[in-house]
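Trainee: The sequence shown begins at 207 in the numbering used here and counts up by one. Have a look at this one.
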Amino acid sequence: MQEKRVLKRLIFNISSLVDLGQEVTSSKSFNEKMKTTLYVVTGMFSVPKAAMFIYNSNYGRLKLFTHKGLKEADGINLHIKTRHIKIFKKNEACDIKEIKNDSFYEQNKEAFKRLKAKTFIPLFAKNEFVGAITLGKRLSRVSYLQSERDMLKVIANQMSITLHNSSLFKKLTHKVNENRRLYESMRHIYRDTIQAFAAAIDAKDAYTKNHSHRVAKYSVAIARELGWREKDIEGIYVAGLLHDIGKIIIDKEVINKGKDLSEMELSEIKRHPQISYDILSKIKFPWKDCVDFIRHHHERVDGKGYPDSLMGNDLSDGVKILTLADAFDAMTTDRPYREKLPLTDVLMEVQRCLGTQFDDKISQVFFRVLQKEISGELKELQILPHLDKDFDPAIITTLLNSITTELSN
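Below you can see the structure in the form of structure tokens.
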């Protein structure tokens, strides 16, 4: 029951964050976006009263922009000095009681009472203070968990960038090219949110820091070499970032144990693709195959993978890409049960597993990308920056040439 409650809440929170990402990149007015965002936040954390302020540096005050559930909030301004701004951690929520002894609270004591504020969240974008959010008492009357505080920080970052970009937009509306760059910046907020979740996933396993980021990068490299459209490339990138989200539900000790797993523990580990699917299939992603890539990233072309034991003909190229990228990163990084393998050993292992674990075509494309990166043919490097530099490029090039020649015959 506890796992179901956690899973249900996680699905709701991720769905809300996806909604936020789509909201801030929509064509709605800035006012509508901010009001909707505040309403989503209050729904996520069961807070009936909340307010959002925009910072005016000329007057040294936070001006009320929008609010929810407050009858006496209109006209409220919070006075804040530069020295007060410096005491706050960027985009991190703090309890009002933590600042009650500070002159900032004393100066705005009556305003905080009218706001029914229990939590204060300063908003920073690019080291610039742009605004703040106040949240009232939660309906559940429980304190925020660390995971919820982390999520509040993600949302605060999202709102900060939108506020910051709105300010820029007003100054640059006459410049079409600048407007286009601004729109692209806002569009990438969606990706930034997903990257924040990927970091939370990797933090579960002490040995896989940035694993999801690397898998996403390797997947993009292969997809781009295959000639995929940019929209589809973005989909495989997101799949790489979120492919292990199911591990959030699994006991951290089991994940970090690595070897000598009992049958029950191994079975638990093997649940994570299915759990990932259960979480993400409830969300309307703009990439239709993204969730299927994630569900099947531990399948094998010989049908001996999991969770569905699919054969190679039933696996899409996206699944085969993610499978290879995931395994390649696992072999080239330290794990609880072994140290990372030399790159030559990794490449020969991939070659050995062609037709069983890995697909021939996808592997050949991966080898080709690695060859191009080593030779300098590609300017945008997706693989080499994430590998240790303790290999001889000449030896790797010779090995790759040998493997690709053999695959071509």
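Ideal Cβ positions, reconstructed from N, Cα and C, are used throughout, including at glycine.
Quick one, are the C-beta atoms of F318 and I291 less than 9 Å apart?
Mentor: As a position in the sequence shown, residue 318 is number 112, starting the count at 1. As a position in the sequence shown, residue 291 is number 85, starting the count at 1. Going by C-beta atoms, F318 is not nearer than 9 Å to I291.
Trainee: Check each candidate in L553, A323, E545, P542 and name the one with the smallest Cα separation from F534.
Mentor: The count along the sequence shown starts at 1 and reaches residue 534 at position 328. With respect to the C-alpha of F534, the residue from L553, A323, E545, P542 having the closest C-alpha is L553.
Trainee: Whole angstroms is fine: what's the gap from E469's alpha carbon to M365's?
Mentor: As a working mapping, residue 469 is identified with position 263 in the sequence shown. As a working mapping, residue 365 is identified with position 159 in the sequence shown. Here the alpha carbons of M365 and E469 stand approximately 45 Å from one another.
Trainee: Taking the alpha carbon of E494 as the reference point, which residue from L472, E474, S515, S522 has its own alpha carbon closest?
Mentor: Here residue 494 corresponds to residue number 288 of the sequence shown, with the count starting at 1. The identity of residue 494 in the sequence shown is Lys, whereas the question assumes Glu. Selected option, being the one with the closest Cα: S522.
Trainee: Output the distance between the C-alpha atoms of R344 and H502, rounded to the nearest integer angstrom.
Mentor: Stepping through the sequence shown from its first residue, residue 344 is reached at position 138. Stepping through the sequence shown from its first residue, residue 502 is reached at position 296. Going by the C-alpha atoms only, they are around 39 Å apart.
Trainee: In the DSSP assignment, find the alpha helix (DSSP H) that holds T272 and state where it starts and stops.
Mentor: Reading the sequence shown from its first residue, position 66 is the one you call residue 272. Segment 267 to 274 is the beta strand (DSSP E) holding T272; no alpha helix (DSSP H) there.
Trainee: In chain order, what residues of the same chain have a beta carbon less than 6 Å from the beta carbon of I339, not counting five sequence neighbours either side?
Mentor: Stepping through the sequence shown from its first residue, residue 339 is reached at position 133. If we look at I339 and ignore the five residues flanking it on each side, its Cβ neighbours are M258, I327.
Trainee: Ends of the alpha helix (DSSP H) at F572?
Mentor: Here residue 572 refers to the residue found at position 366 when the sequence shown is read from its first residue. Looking at the DSSP string, the run of the alpha helix (DSSP H) that includes F572 is 566 to 581.
Trainee: Tell whether a beta-carbon distance below 9 Å holds between A445 and I500.
Mentor: Counting from one through the sequence shown, the residue named residue 445 turns up at place 239. Counting from one through the sequence shown, the residue named residue 500 turns up at place 294. In this structure, I500 lies closer than 9 Å to A445 by Cβ.
Trainee: Pick helix, strand or coil for Y261, following the three-state DSSP scheme.
Mentor: Residue 261 sits at position 55 when you count from the first residue of the sequence shown. Residue state, collapsed to three classes: strand.
Trainee: Given K526, which residues of its chain have a CB within under 6 Å of its CB, disregarding the five upstream and five downstream residues?
Mentor: Here the question's residue 526 lines up with position 320 in the sequence shown. Closer than 6 Å at the Cβ level, and outside the excluded window around K526, lie D565, I568.
Trainee: Since I428 contacts V575 with CB under 8 Å, what's their CB separation in whole angstroms?
Mentor: By one-based count along the sequence shown, residue 428 stands at place 222. By one-based count along the sequence shown, residue 575 stands at place 369. Yes, they are in contact, since the Cβ atoms of I428 and V575 sit about 6 Å apart, within 8 Å.
Trainee: My output table needs one value for E474: the three-state DSSP class, helix, strand or coil.
Mentor: To locate residue 474, count along the sequence shown from 1; it is residue 268. Looking at E474 - three-state DSSP - the assignment turns out to be helix.
Trainee: Flag this pair as yes or no: are the beta carbons of G342 and A323 separated by less than 9 Å?
Mentor: As a position in the sequence shown, residue 342 is number 136, starting the count at 1. As a position in the sequence shown, residue 323 is number 117, starting the count at 1. It is a contact, given that the beta carbons lie within the stated cut-off.
Trainee: To which residues of the same chain is N383 closer than 7 Å at the C-beta, ignoring the five residues directly before and after it?
Mentor: In the sequence shown, the residue the question calls residue 383 occupies position 177. Unreliable positioning characterises N383 in this predicted model, as indicated by a pLDDT of 49, which lies under 50. The coordinate reading is nonetheless provided below. Result list for N383: empty, nothing under 7 Å.
Trainee: I need the straight-line Cα distance from H370 to D520, nearest angstrom please.
Mentor: Numbered from its first residue, the sequence shown carries residue 370 at position 164. Numbered from its first residue, the sequence shown carries residue 520 at position 314. Rounded to whole angstroms, H370 to D520 spans 46 Å at the Cα level.
Trainee: For A299, does the three-state DSSP call read helix, strand or coil?
Mentor: Locating residue 299 in the sequence shown gives position 93, counting from the first residue. If DSSP states are grouped into helix, strand and coil, A299 belongs with coil.
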